[in-house]
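One structure is given below, encoded as structure tokens.
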RNA sequence: GUCUCCGUAGCUCAGCCGGAUAGAGCACCAGAUUCCUAAUCUGGGGGCCGUGGGUUCGAAUCCCGCCGGGGACACCA
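See the structure below:
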């Protein structure tokens, strides 16, 4: 009896064998009954390599007692060459022990695939992942950073799982904030021309006051002065160059400023290694009439009406008064209240523009939409899901991943964040302080919706406490061994019988679970699972390494035993490949040595 | 008041579309430590999984109530 060829995913392989066995045992049971069958490593290693709930899940449809069905299934599975033992257990589990040669053969698969190990087969359906989408009103700060990293890693994870992914940045360049930005840039322009107005005097003259006082707008003002001279200003006033009517300068200033801010943001993103495939401008979209199109479509579906909303219960704003607005029937799609599309003055709400944006995505043919938002936008999720459901006739899904606040800590004390320029931590500051890879990895060591402390001291610390270091160190150790062995070629074909130690087999089993982790993490939209997997994998490897300190027969390079050495080097090379595969998803560069 | 996320070891957190005796790191205790890369290693103690009900053969996981914490709550973006 010879083993089957090593499969790309041993869990999927076993699941397929189990379902086949069930079909043979229960020909009258419909296929849907098998959908909930899972194969996973049992918590208790003594129970074997894998366990399946098949008999428990199918028992009802088969009208059989699970323990009895489990026994029959176990007998079938025992007949498989790759299974050395299958036994019914507990209320109806089947525990499975795999042939060690079958497990070892996974190394050949890993080495043949290299860093692409874990790559899922192409799946139907295109996914749009929107992330960052910071307002183009200034440099990126740490608050944006987590969403950027989570979004980027999630997009990579979905691609790894086999999805076709589009990475999108939505530029909020149409609202009041951008208007305030233009006025702030205009102030720097007047300064560049030599106005004698003071900052406070200027702030008095403009609507809403001077909101953006950071000096990052100085270059914008200078650029405007350089290209337009004093043509955008009122000349000959008591202050020299002064405030002119908006129609003379506003469109020009706004456009230049947004473009320069986006250049700055793109530079920040590049420093973080974050990529987007497409940038969508809110202003451009409105100009194209997308808002009207979206409203017309919803109107045609009978989902729009004029009405007055109740004040929010328990907390009525001081200036609340009943106003008639154009409303969207979000309640028909699971939201608590209907939501305003147009303000009482008839202009579109931000929500309306966002609906238009989503109509655009649906029209571009995506089957699933994913957003990464700050947790402060949590209250916005239901209405957006309602809108997407309405616009797509419930065909397109919208998942929102909420990224919680990051508290930066240094020397045990919180680093203060303030919107006033100069006192807040920019993304650049953070990258300069600890490096891009430490930032990215650390941002993924916690579930996105859990608050996180970013300890500037810890992330550069070289110790077990620091997962960035721990994982990188494992990779560096692998590389060090392979260098010492003279970078052997063709390890995928190495005979592997020498790998028999429990620690060696545990390492292989861990790596064999990587495709499964990719699939599950992608389905759950949880890129942090990759960081935890790598931490566990590094732990398995360090454990084996440390055993080699005690027991020299477990060291990787064995003088006088070329075949055993090649088997171990295959194990080491596979470990390095899987770590690189995982770091690739996280966007972290593996290191060759610790320096 | 409504919605939402959270509550797991002393600390920081995994596990959650139900599955067998609930995990990791740190901290603590006890040992080891002239090692392919040093930035340690091995072992141990430690838990009414916030709480009270419910569903189920089976609940940290699903449902409802309560307690405690974060966030969001017409027209802003």
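Residue numbers (the working numbering): -13 to 581. We treat Cβ as the ideally placed atom computed from N, Cα and C, and that holds for glycine.
The beta-carbon separation of residue 471 and residue 555, rounded to 6 Å, stays under the 8 Å limit for a contact. Collapsing the DSSP output to three states places residue 285 in a helix. In terms of Cβ geometry, residue -8 and residue 91 form a close pair [threshold 8 Å].
Judged by DSSP in its simplified three-state form, residue 352 adopts coil rather than helix or strand. Within a 10 Å sphere around the beta-carbon of residue 380 sit fewer than 16 other beta-carbons, which makes this residue exposed. In the structure shown, the three-state DSSP call for residue 81 is strand.
At a Cβ-Cβ threshold of 8 Å, residue 348 and residue 394 do not count as neighbours. For the pair residue 142 and residue 135, the Cα-to-Cα distance works out to about 11 Å. Counting C-beta pairs closer than 8 Å gives fewer than three between the stretch 538 to 554 and the stretch 438 to 448, which falls short of the contact rule. In the DSSP assignment, residue 440 falls within the unbroken beta strand (DSSP E) covering 438 to 441. Under the criterion of beta carbons closer than 8 Å, residue 540 and residue 533 qualify as touching, at roughly 5 Å. Following the DSSP letters along the chain, one finds residue 38 inside the beta strand (DSSP E) bounded by residues 36 to 38.
Our two residues, residue 70 and residue 38, have alpha carbons roughly 15 Å apart in a direct line. Taking the Cα positions, residue 101 is about 12 Å away from residue 500. Just so you know, the alpha carbons of residue 329 and residue 20 end up roughly 52 Å apart. A distance below 8 Å separates the beta carbons of residue 41 and residue 56. Unbroken alpha helix (DSSP H) stretches of 4 residues or longer found wholly inside the stretch 194 to 236: 204 to 214, given in chain order. Within the same chain, and ignoring the five residues on either side of residue 478 in sequence, the residues whose Cβ sits closer than 7 Å to its Cβ are 94, 97, 98. Under the criterion of beta carbons closer than 8 Å, residue -11 and residue 88 qualify as touching, at roughly 5 Å. If the five residues before and after residue 292 are omitted, its C-beta is found closer than 8 Å to the C-beta atoms of 310, 311, 312, 313, all from its own chain and listed in chain order. Only residues of its own chain outside the window of five on either side were considered, and among them 461, 464, 465, 468, 576 have a CB closer than 8 Å to the CB of residue 562, listed in chain order.
In the same chain as residue 22, and ignoring 5 residues on each side of it, the C-beta atoms closer than 7 Å to its own belong to 43, in chain order. Residues 113, 115, 141, 144, 145 of the same chain have their beta carbon placed closer than 7 Å to that of residue 151, with the five preceding and five following residues left out of the count. Remark: fewer than three beta-carbon pairs, one from each stretch, lie closer than 8 Å, so the stretch 122 to 131 and the stretch 557 to 571 are not flagged as touching. Counted as a single uninterrupted DSSP element, the stretch harbouring residue 192 is not any beta strand (DSSP E), since DSSP gives it neither H nor E. Going by beta carbons, residue 354 and residue 387 fall outside the 8 Å limit. DSSP places residue 153 in no alpha helix (DSSP H) but in the uninterrupted beta strand (DSSP E) bounded by 150 to 157.
In the DSSP assignment, the residues bridged to residue 26 are 37. Of the candidates 512, 52, 581, 52 places its Cα closest to the Cα of residue 77. The continuous stretches of alpha helix (DSSP H) do not include residue 293, which lies in the beta strand (DSSP E) extending over residues 290 to 294. Assignment of residue 114 by DSSP, reduced to helix, strand and coil, places it in the strand class.
Residue pairing of residue 357 in beta bridges, as defined by DSSP: 116, 386.
Counting the other Cβ atoms within 10 Å of the Cβ of residue 29 gives fewer than 16, which makes it exposed. Linking residue 519 to residue 358 through their CA atoms gives a straight-line distance of about 22 Å. Remark: C-beta atoms of residue 570 and residue 426 do not approach each other more closely than 8 Å. The C-beta distance from residue 557 to residue 444 rounds to 31 Å, too long to fall under 8 Å, and the pair is not in contact.
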